[in-house]
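> Okay, handing you the structure first.
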Ligand code: FAD
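In the working numbering, the protein residues as written are 251 to 567.
Right, here's the structure in full:
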C-alpha cells in the first residue's frame, strides 16, 4: 500500500522507522529479530537505507591497479522483501542517483515492482568519500528531482527505450528528503526550498525530514513548505542521541544544531548510558509535542538499534 494511503487512512500520528542493512558478513536474522519488538507499535512501513558502492585501488608490484569494492552494506532490496514477508508491512527502499545510470535505475525499479514494493524514497546520495562533491554516473541523475521524474515517468509507462512494449505499468508512491536546517550544500533555505518544490512538482507525494532536535525548526520548515505552495505530508525524522560519540558526530555529519538545553544536560553525562538516558528523555518530549501537533508519523532513525526507539515509543504511543 502507498505511504500516502497509510497516512490518509490514519486518524492519529503513525509510528515508522528506518534501518540500515547489516554490515557485510553480519546476519539479516539478527537485524530482523532486533526490530521485532518495534512491531508492537504497528508501523505501517519501514524504510531501508541504500549504501552506494565505493572503490579503492591497490597498486600491484607490476604497476597495475586492482579495483576493490568497499561496499559495506549491501542488501537493501533483499531486506525489503524479507521485511514484507516476515512482518506483512510495507518496506520502503531508498533509491539513489549516485552509483546508478538511468538504465540501472529502470532495472532496479522493475525488480522492486516485481517483489511487491509500492513506495520508494528518492535521494541524490552524497559524494563518495574520495570525492569532494557529488558526481553523477555517466547518463545518471544529478539531482533527486530527476530521479523522481524517471520514477513517475515509469508509472506513466515511459521507459528509456521507446520500443519497450508496456502491457503494465508501475505505480510507485515517491517520497523525498527535506531539511529543516537546510541541506548543507544549499546557499540558503529559500534556494533549498525551491528545489524541494521541484521534487514535489515532478511528482513526489511526501517528504521525510532530516533529523532535528529542536521542534521549532520542524514547525518553521513546515510553514515554509506550505508558503511555497506544497501540501504534501512532511514526516518528521527523530533520532535519539545514544552515545557520547554522537554528540559531536551527528552535528558534524548531518549539519544540524543541538539546542542549548539539550547540550546542558548532555555535558553533565560521563558515560554512554547517561547520554542515552538524556537522549531518550529529550526525544520523548520532542515526540509528545509533535504528536500534539498532529504530525503524520514519527519516523525514527534507529541505526538498526531498537532499544532507544522502543523506550520512546512506549511512552508516546
Ligand atoms: P537533492 O534533493 O538532489 O538536493 C541536493 C542539493 O542540491 C541541495 O542542496 C539542493 O538544494 C540542491 N539542488 C537540488 N536540485 C538542484 C538544481 N536543479 N540545481 C541546483 N541545485 C539543486 N543517503 C544515502 O546515501 N543513502 C540513504 O539511504 C539515505 N537516506 C536518507 C533519508 C533521508 C530522510 C534523508 C534526509 C537523507 C538521506 N540520505 C541518504 C542522505 C542524502 O542522500 C544526502 O543528504 C544528499 O546530500 C542529498 O540528497 P537529496 O535527495 O536531498 O538531494
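In this text, a Cβ means the ideal position worked out from N, Cα and C, and glycines have one as well. For clarity, every value in this text was computed on a predicted model and none was experimentally measured.
Listed in chain order, which residues are found with a beta carbon closer than 5 Å to a heavy atom of the ligand FAD?
Here the list is 299, 300, 344, 373, 374, 375, 376, 393, 394, 427, 433, 435, 436, 442, 445, 458, 460.
> Excluding five sequence neighbours on each side, which residues of the same chain lie with their C-beta closer than 6 Å to the C-beta of residue 459?
So the qualifying residues of the chain are 428, 430, 486, 487.
> Considering Cα atoms alone, identify which of 398, 397, 420, 395 is closest to residue 407.
Of the listed residues, the one whose Cα sits closest to residue 407 is 420.
> Can you look up residue 347 in the DSSP assignment and give me helix, strand or coil?
Here residue 347 sits in coil by DSSP.
> Which whole runs of the alpha helix (DSSP H) in the segment 460–509 are 4 residues long or more, in chain order?
Qualifying alpha helix (DSSP H) stretches, in chain order: 465–477, 494–504.
> Could you give the DSSP three-state label for residue 258: helix, strand or coil?
In this structure, residue 258 counts as helix in the three-state DSSP scheme.
> For residue 561, which residues from the same chain have a beta carbon less than 6 Å from its beta carbon, with the 5 sequence-adjacent residues on both sides left out?
For residue 561, where only same-chain residues beyond five positions count, the Cβ hits under 6 Å are 530.
> Can you tell me whether residue 369 is buried or exposed, with buried defined as 16 or more other CB within 10 angstroms of its CB?
So residue 369 counts as buried.
> If residue 456 and residue 482 are in contact, beta carbons under 8 Å, what's the gap, nearest whole angstrom?
Their Cβ separation, rounded to whole angstroms, is 5 Å, which keeps residue 456 and residue 482 in contact under 8 Å.
> Sorted by chain position, which residues of the same chain lie with C-beta nearer than 6 Å to residue 505's C-beta, five sequence neighbours on each side aside?
Cβ within range, chain order: 434.
> Considering Cα atoms alone, identify which of 509, 281, 426, 380 is closest to residue 307.
Ranking 509, 281, 426, 380 by Cα distance to residue 307 puts 380 first.
> Does the distance from the CB of residue 547 to the CB of residue 288 come in under 8 Å?
No, these two residues do not count as a Cβ contact at 8 Å.
> Who are the Cβ neighbours of residue 474 in its own chain at under 8 Å, not counting the five residues just before and after it?
Result list for residue 474: 439, 443, in chain order.
> Assuming residue 358 contacts residue 374 under a Cβ cut-off of 8 Å, what Cβ separation, rounded to an integer in Å, is found between them?
That pair is no contact at about 15 Å.
> Please report the residue range of the alpha helix (DSSP H) in which residue 337 lies.
First-last of the alpha helix (DSSP H) with residue 337: 326–337.
> Can at least three beta-carbon pairs, one atom from the segment 324–344 and one from the segment 286–304, be found at a separation below 8 Å?
Verdict: yes, contact present.
> Have a look at residue 410 and residue 351 and give me their C-alpha separation to the nearest angstrom.
Cα to Cα, residue 410 sits roughly 11 Å from residue 351.
> Leaving aside the five residues before and after residue 324 along the sequence, list all residues of the same chain whose C-beta is less than 7 Å from its C-beta, in chain order.
Excluding residues within five positions, the ones whose Cβ falls inside 7 Å are 271, 274.
> Using a threshold of 8 Å, state whether the C-beta atoms of residue 315 and residue 345 are closer than that.
No.
> Which residue marks the beginning of the beta strand (DSSP E) containing residue 423, and which one marks its end?
That run of the beta strand (DSSP E) goes 423–428.
> Could you give the first and the last residue of the continuous beta strand (DSSP E) run that contains residue 361?
It is not in any beta strand (DSSP E) - residue 361 instead sits in the alpha helix (DSSP H) that spans 352–364.
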